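Just below is one structure, and these are the notes that go with it.
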Amino acid sequence: MMYFREIFSPNYHALINGLRIAKLSAIENKKNEMKNLSIITPVKDSLHTTKDTIKAVAKSTVSFPYKIYNDFSTKETTKYLDKHQESLNYTLVNLEDITNTPSPNYKLVLQIAQQEAIKNESGLLIIESDVMVKPDTIEQLFKHSKELDSCGMVASVTVDRDEKYNFPYNFVKESDPEIMETSKRLSFCCTLITLDYLKAFDFRELSDGKDWFDVYISKMSRKLGFKNYILRKHTVLHLPHSSRPWKQLKYDNPLKYYFLKFIKGRDKI
Numbered sequence: 277m278m279y280f281r282e283i284f285s286p287n288y289h290a291l292i293n294g295l296r297i298a299k300l301s302a303i304e305n306k307k308n309e310m311k312n313l314s315i316i317t318p319v320k321d322s323l324h325t326t327k328d329t330i331k332a333v334a335k336s337t338v339s340f341p342y343k344i345y346n347d348f349s350t351k352e353t354t355k356y357l358d359k360h361q362e363s364l365n366y367t368l369v370n371l372e373d374i375t376n377t378p379s380p381n382y383k384l385v386l387q388i389a390q391q392e393a394i395k396n397e398s399g400l401l402i403i404e405s406d407v408m409v410k411p412d413t414i415e416q417l418f419k420h421s422k423e424l425d426s427c428g429m430v431a432s433v434t435v436d437r438d439e440k441y442n443f444p445y446n447f448v449k450e451s452d453p454e455i456m457e458t459s460k461r462l463s464f465c466c467t468l469i470t471l472d473y474l475k476a477f478d479f480r481e482l483s484d485g486k487d488w489f490d491v492y493i494s495k496m497s498r499k500l501g502f503k504n505y506i507l508r509k510h511t512v513l514h515l516p517h518s519s520r521p522w523k524q525l526k527y528d529n530p531l532k533y534y535f536l537k538f539i540k541g542r543d544k545i
């Protein structure tokens, strides 16, 4: 009888209600926490890989605000990007509406994305248009960015279609830790920059004389006391230079590649 009196007492019901409220609050806090990420993909044509990149993000186990920055692509690419915003759950930003500077406009994209991320108290995940994430890639990057010590940047390792580590992470070995702290540069293939780092370094300080900034931003992360990590087990498919086909000349026709690089000032890192 004592047991029944206890479970029907006001104190008992107050305790149960308190536990329910605490549980609901924890669930709601978890939902709110999962909002703290912005995802971007800079696009310069390569429509065939761009389609796969966007569709892979749409299949993720978690959903975050996703923006495509269209850097003066052809009419065909622009038309596709505009048409599929709603069905594939992204927002399109056409850089031709913002600047007259010819592609590449990576610095401008980084600057805009940084300011929006800071405003929204979000980390920033860059997924390039020649990379295909797996359903849990974004969730794992976000999770580890919150848990790893002094994390400035965390990246998924890139692989080819045979799941072999490829450019730019050819140096990674199967014997390496599953979560690697690294002093090497992190490519922007699929890399998350934490909010703490975004607040510590203003991308408006990036050089006007460069086109690509992953090397510099990786070094600056460590210089400011952050740590950079690679997730070796959470791989993403990378089709190198598909988003910038002329860079394939580096392997197919090195003389022509270096002519374009030094005479025309392309590919400044």
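According to the working numbering, the sequence shown holds residues 277 to 545 in order. Glycine included, C-beta positions come from ideal geometry on N, C-alpha and C. Remember, predicted model here, so these are calculated numbers, not experimental data.
What's the call for residue i, buried or exposed, on a 16-neighbour Cβ count within 10 Å?
i      : result
ASP478 : exposed
GLU362 : exposed
ASN446 : exposed
ASN346 : buried
ARG461 : buried
LEU482 : buried
ASP568 : The shown model of the chain, from 277 to 545, leaves out residue 568, and the question about it has no answer.
ASN504 : buried
ASN376 : exposed
THR350 : exposed
PRO411 : exposed
SER421 : buried
PRO378 : exposed
SER301 : The predicted position of SER301 is uncertain, since its pLDDT is 49 and thus under 50; no value can be drawn from it.
Tell me the rounded alpha-carbon separation between residue i and residue j.
i      : j      : result
ASP358 : ALA334 : 16 Å
HIS514 : LEU400 : 20 Å
ILE374 : ASN442 : 35 Å
LEU386 : ARG498 : 19 Å
ASP425 : ASP406 : 30 Å
HIS510 : GLU450 : 13 Å
VAL409 : LEU417 : 11 Å
TYR342 : GLY485 : 28 Å
LYS395 : PHE535 : 42 Å
SER398 : VAL435 : 27 Å
PHE348 : ALA431 : 27 Å
PRO444 : ALA476 : 26 Å
THR413 : VAL512 : 8 Å
LYS331 : CYS466 : 15 Å
LEU500 : GLU454 : 25 Å
VAL448 : ASP472 : 27 Å
GLU457 : PRO516 : 23 Å
LEU502 : VAL433 : Looking at the sequence provided, one finds Phe at residue 502 rather than Leu. So the alpha carbons of these two residues sit roughly 19 Å apart.
ASP438 : MET496 : 33 Å
PRO380 : ILE388 : 15 Å
LYS440 : LYS419 : 24 Å
LEU546 : CYS427 : With the chain covering only 277 through 545, there is no way to say anything about residue 546.
Quick one: residues in its chain with C-beta nearer than 7 Å to the C-beta of residue i, no 5 flanking neighbours on either side, listed in chain order?
i      : result
PHE464 : ILE402, GLU404, ASP490
ASP452 : ARG508
LEU368 : ILE344, ASN346, LEU357, ASP358, GLN361
SER494 : MET429, ARG461, LEU462, ASN504
SER459 : ARG498
GLU423 : none
I'd like the list of long-range same chain contacts for residue i, defined as Cβ closer than 6 Å, with 5 residues on each side in sequence excluded.
i      : result
GLN390 : LEU474, PHE479
ASN370 : ASN346
ILE469 : LEU400, MET429
PHE340 : LEU313, ILE315
ILE506 : ALA431, VAL433, MET456, THR458
LEU364 : ILE330, ALA334
Given 7 Å as the limit, tell me if residue i has its C-beta closer than that to any heavy atom belonging to the ligand SAH.
i      : result
LYS327 : As far as ligands go, the structure on display features none, and thus does not contain the ligand SAH.
With a cut-off of 8 Å on the beta carbons, I'd call residue i and residue j a contact; round off their distance for me.
i      : j      : result
THR317 : THR329 : 6 Å
GLU415 : SER314 : Actually they are not in contact, since the Cβ atoms of GLU415 and SER314 sit about 15 Å apart, beyond 8 Å.
THR326 : THR353 : 7 Å
TYR382 : ASP487 : 6 Å
What does a CB cutoff of less than 8 Å around residue i pick up in its chain, not counting 5 residues either side in sequence?
i      : result
LEU384 : LEU371, ILE374, THR375, THR377
VAL319 : THR326, ILE344, TYR345, ASN346, ASP347, SER349, THR353, LEU357, SER405, SER519
Curious, which full-length alpha helix (DSSP H) runs of at least 4 residues does the segment 338-373 contain? 351-359
Suppose only complete runs of 4+ residues qualify. What are the alpha helix (DSSP H) ranges in the segment 385-430, listed by chain order? 413-423
Segments of 4+ residues assigned as alpha helix (DSSP H) that fall wholly inside the segment 489-521: As for any alpha helix (DSSP H) of minimum length 4 sitting wholly inside the segment 489-521, the runs are 490-499, ordered along the chain.
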